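*Asks:*
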Ligand SMILES: [Zn+2]
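Numbering (this note's numbering), first residue to last: 2 to 265.
#1: Taking the beta strand (DSSP E) that residue 219 falls in, what are its first and last residues?
#2: Just tell me which of 119, 130, 176, 69 has its CA closest to the CA of residue 144.
#3: Is residue 77 near residue 262, with beta carbons less than 8 Å apart?
#4: Based on the DSSP output, what are the partners of residue 107 in its beta bridges?
#5: Take every Cβ of the stretch 84-94, pair it with every Cβ of the stretch 128-148, and state whether three or more of those distances are shorter than 8 Å.
#6: Less than 7 Å between C-beta atoms, sequence neighbours within five positions excluded: which residues of the same chain meet that for residue 53?
#7: Could you pull out every residue in the same chain whose Cβ sits closer than 6 Å to the Cβ of residue 265, ignoring the five residues on either side in sequence?
#8: Short of 8 Å in beta carbon distance, which residues of its chain neighbour residue 190, apart from the five on each side in sequence? Order them along the chain.
#9: By DSSP's criteria, residue 204 is part of a beta bridge. Which residues make up the other side?
#10: Comparing the CB of residue 215 with every heavy atom of ligand 1, is any distance shorter than 7 Å?
#11: Would you call residue 219 buried or exposed, if buried means 16 or more other Cβ atoms sit within 10 Å of its Cβ?
#12: Go ahead and pull the three-state DSSP assignment for residue 128.
#13: Between 64, 124, 240, 105, which has its C-alpha nearest residue 197's C-alpha?
#14: Report buried or exposed for residue 235, applying the criterion of at least 16 other Cβ atoms within 10 angstroms of its Cβ.
#15: Please indicate yes or no: does the CB of residue 172 lie closer than 7 Å to some heavy atom of ligand 3?
#16: What are the boundary residues of the alpha helix (DSSP H) that residue 149 is part of?
#17: Report yes if the CB atom of residue 107 is closer than 8 Å to the CB atom of residue 115, and no otherwise.
#18: What residue from 142, 125, 74 has the CA that sits closest to residue 257's CA?
#19: Going by other Cβ atoms of all chains shown within 10 Å of its Cβ, with 16 needed for buried, is residue 120 buried or exposed?
#20: Taking C-beta to C-beta, are residue 153 and residue 136 nearer than 8 Å?
#21: Is any heavy atom in ligand 1 found nearer than 7 Å to the beta carbon of residue 221?
#22: Taking the alpha helix (DSSP H) that residue 260 belongs to, which residues open and close that run?
#23: Could you tell me whether any non-hydrogen atom of ligand 1 is closer than 7 Å to the CB of residue 231?
#24: Taking 7 Å as the cut-off, is the beta-carbon of residue 211 closer than that to any non-hydrogen atom of ligand 1?
#25: Look at residue 56 and residue 157 and say whether their C-beta atoms are less than 8 Å apart.
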């Protein structure tokens, strides 16, 4: 009886190598690899591609309105068009890219009006979420949020700008997750993603992340079950982020897509 050789036995050593073997049939491969893994251990499925692009957008490495050509993404990730197209559809559903008929995929590019609407929506939702979470936060969610704030502090201490930008936005999403409402969590994730782009485009150079210690102040109020204070602190926090925006001078960025997506 013949045995099916595993990937290691086949001697595949790079993304391109792994995927050139399967391009004809495009079998599903699930799972992702962490950033600390070597490129030869990446398992490139739609989720992997979505996460790479999502993180690059959140960390302001991928500029608004950047064209994401299918051809370039296939070459970058070493996968076939079907897989890239599925990833692009997922990213479109999450509000991270726009799919334009006959033109292709572009990172969303919010203008001043949309930016204003995004912060208006956040101002309506997030203080209410902070109030709600303060009324009923379990120890598991509290620990999850404390751990997150520790990661933010570490990133701030190590001057890891990209990590800090991502973690800064993710605090808001995780707070929404702690509400236990999946719809709210999804909406906040989309709003935070758009906000990250907006702050990347219009934020003053020194204010690309949430102001220091304010997440801790909000969480401390939540831990003390002070609903009014939690709500008020979140309102002030969002106002401060919004006040730091300057719509007069957007700064588009350029770069090598494979490098931006961590595939070089
Ligand atoms: Zn914040």
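For glycine and all other residues, C-beta sits at the position ideal for the given N, C-alpha and C. No experiment lies behind these values; they were computed from the predicted model shown.
*Replies:* The relevant details are as follows:
#1: First-last for residue 219: 215-224, but that is the alpha helix (DSSP H), not the beta strand (DSSP E).
#2: 176
#3: yes
#4: 68, 99
#5: no
#6: 262, 263
#7: 259
#8: 95, 174, 177
#9: 246
#10: yes
#11: buried
#12: helix
#13: 64
#14: buried
#15: This structure does not include ligand 3; its bound ligands are ligand 1.
#16: 140-158
#17: no
#18: 74
#19: buried
#20: no
#21: no
#22: 258-261
#23: no
#24: yes
#25: no
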